[in-house]
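Since the structure comes first, as structure tokens, the remarks are kept for the end.
Residue numbers (the numbering used here): 316 to 540.
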């Protein structure tokens, strides 16, 4: 009876480990905070990285329709993509209902438009992004009505192709001396299924260990009988 119980328990352990090795896991495809001298090499069009007086580095300043575009190829098998990023609203953006806005694209298709304006010394308006923080001196660039407000975005998109591109359009009607956008902290991940042999060694090791115990217990049981 003891051996049967051990056999069943370990069989369940092996089965559970086998299930674990095939579950979907998030895989980081791209990550960049543009700090420590990093560049935006995988971005095209507008990919200049600026370091603000307070040390904050980001793609920008962006205005008048500039659209940094991130292209990623040779993606692993997946069914969805998640992208997280921060948008900085800088200085006197004043298009709460028109003119000054951030527009996001996936594979050339517009996903949403967020209008940015300012009120009481702070950037306001976006309905898709979530306000994270506000810095009144615009990262040391100098106070000018709106300062600098950070809005965080997280978008999950159904996707199965082996490549994808993201467009970040910064539309303003005035130059950087008055207003701009910034792009920072870009992280792209997918829901790939990891390989048991290469990506998730722990469950595989657990299964082998369980099988070894079963074999040892079986031999011991036979000797005793």
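We treat Cβ as the ideally placed atom computed from N, Cα and C, and that holds for glycine.
- Linking residue 455 to residue 429 through their CA atoms gives a straight-line distance of about 25 Å.
- About 6 Å separates the CB atoms of residue 378 and residue 485; that is less than 8 Å, so the two are in contact.
- Taking 8 Å as the cut-off, the Cβ atoms of residue 482 and residue 420 count as close.
- Relative to the Cα of residue 395, the nearest Cα in the group 341, 453, 467 and 498 belongs to 341.
- The Cβ-Cβ distance between residue 444 and residue 466 falls below 8 Å.
- Around the beta carbon of residue 499, 16 or more other beta carbons lie within 10 angstroms, which makes this residue buried.
- At a Cβ-Cβ threshold of 8 Å, residue 381 and residue 351 do not count as neighbours.
- Counted as a single uninterrupted DSSP element, the beta strand (DSSP E) harbouring residue 463 occupies residues 463 to 473.
- Looking at the backbone, the Cα of residue 410 and that of residue 431 are separated by about 5 Å.
- In terms of Cα proximity to residue 343, the closest of 399, 384, 368 and 458 is 399.
- Residue burial is scored here from C-beta neighbours: residue 504 has at least 16 other C-beta atoms within 10 angstroms and is therefore classed as buried.
- With contacts defined as CB atoms closer than 8 Å, residue 422 and residue 480 qualify as a contacting pair.
- Taking residue 494 as the centre and dropping the five residues before and after it, the same chain places the C-beta of 406, 407, 408 and 487 closer than 6 Å to its C-beta, in chain order.
- A residue is called buried once 16 or more other Cβ atoms fall within 10 Å of its Cβ, and residue 453 is buried on that count.
- Setting aside the 5 residues that flank it on each side, residue 448 is surrounded in the same chain by 465, each with a C-beta closer than 6 Å to its C-beta; the list follows chain order.
- Restricted to the stretch 410 to 451, the beta strand (DSSP E) segments that are unbroken, complete and at least 3 residues in length are 416 to 421, 424 to 430, 432 to 434, 437 to 439 and 445 to 450, listed in chain order.
- A straight line joining the alpha-carbon of residue 364 with that of residue 425 spans about 24 Å.
- Taken atom to atom, the span from the alpha-carbon of residue 491 to that of residue 376 is near 7 Å.
- The criterion of a C-beta distance shorter than 8 Å is satisfied by residue 373 and residue 403.
- The bridge partners DSSP lists for residue 496 are 377 and 404.
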